[in-house]
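Visitor: Residue 78 is where the sequence shown starts when you use this note's numbering, and the numbers rise one by one after that. We put the CB at the ideal spot given by N, CA and C, even for glycine. Just so it is clear, the structure is predicted and the values come from calculations on it, not from any experiment. Below you'll find the structure I mean.
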Amino acid sequence: MAALTQGAVTGLPSIDAANDGLRFLLERVFQPGVECRRGTGGRGECDFSRCTRIEAIVRYVGRNFAHQEQVMADSAYPEAGRHCDDHASLLDHLNVMLHAKVCADKDSVKVHDYIAHWVIEHAQRCDHPLGRWAVTRRVVPPTL
78 MAALTQGAVT GLPSIDAAND GLRFLLERVF QPGVECRRGT GGRGECDFSR CTRIEAIVRY
138 VGRNFAHQEQ VMADSAYPEA GRHCDDHASL LDHLNVMLHA KVCADKDSVK VHDYIAHWVI
198 EHAQRCDHPL GRWAVTRRVV PPTL
């Protein structure tokens with residue numbers, strides 16, 4: 078699996094913590110001992126009706142995106158539309174995976190690597206500029 082490095086520091090403590098949390102989640106959610114909902118009552122073979130691993134990632138990033146979008150609103154960030162569109166693109170892609178019944182067990186490398194690549198690209202393209210903007214506008218204190 079592709080490494081999700083810590084090189085995605087944005088200067089915004091809350092966003093950096095959220096990225097660290099996502100890194101922690103991605104390092105663990107695809108481990109063999111972590112099972113998704115399987116069969117009736119959570120036991121047995123996977124029935125492929127939904128992937129709880131992907132759902133967990135969607136919930137986690139959704140909460141973090143809501144916070145980032147509030148920071149953008151508070152700072153009157155001029156690139157907010159493009160940044161939010163980038164968030165929506167990840168959520169849309171993950172929802173396509175869910176509806177296509179992609180299994181994070183069988184397709185763990187594909188799911189992990191897509192998310193890891195997106196996070197690295199998004200941090201460079203969107204989060205770093207947001208961090209600089211919010212810190213210079215004193216919306217949030219800088220990372221020390």
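Secondary structure at T87, three-state DSSP: helix, strand or coil?
Guide: coil
Visitor: Rounding to the nearest angstrom, what Cα-Cα distance links V212 and D97 in this structure?
Guide: 20 angstroms
Visitor: Just the Cα atoms here: how many angstroms apart are V188 and H194?
Guide: 10 angstroms
Visitor: Looking at the structure shown, is S185 part of a helix, part of a strand, or coil, going by DSSP?
Guide: helix
Visitor: Whole-angstrom Cβ separation of I192 and Q145, contact assumed at under 8 angstroms?
Guide: No, I192 and Q145 are not in contact; Cβ-Cβ is about 16 angstroms, not under 8 angstroms.
Visitor: In whole angstroms, what is the alpha-carbon distance linking D162 and V217?
Guide: 23 angstroms
Visitor: For the candidate residues G208, R215, R130, whose alpha-carbon lies nearest to that of N172?
Guide: R130
Visitor: Start and end of the alpha helix (DSSP H) containing A177?
Guide: Neither: A177 is in no alpha helix (DSSP H) and is coded neither H nor E.
Visitor: Hey, L99 and Y154 are a contact pair by Cβ (cut 8 angstroms); roughly how many whole angstroms apart?
Guide: Rounded, the Cβ-Cβ distance is 21 angstroms, inconsistent with contact.
Visitor: Using CA atoms only, rank isn't needed, just tell me which of R159, G158, H164, V148 is closest to G139.
Guide: Nearest option by C-alpha distance: H164.
Visitor: Look at the alpha carbon of Q147 and the alpha carbon of N141, and state the distance between them as a whole number of angstroms.
Guide: 10 angstroms
Visitor: DSSP state of A153, grouped into three classes?
Guide: Annotated three-state conformation of A153 is coil, per DSSP.
Visitor: Using alpha carbons as the reference points, say which of V186, V86, G88, R209 lies closest to Q108.
Guide: V186
Visitor: Report yes if the CB atom of S152 is closer than 7 angstroms to the CB atom of R202, and no otherwise.
Guide: no
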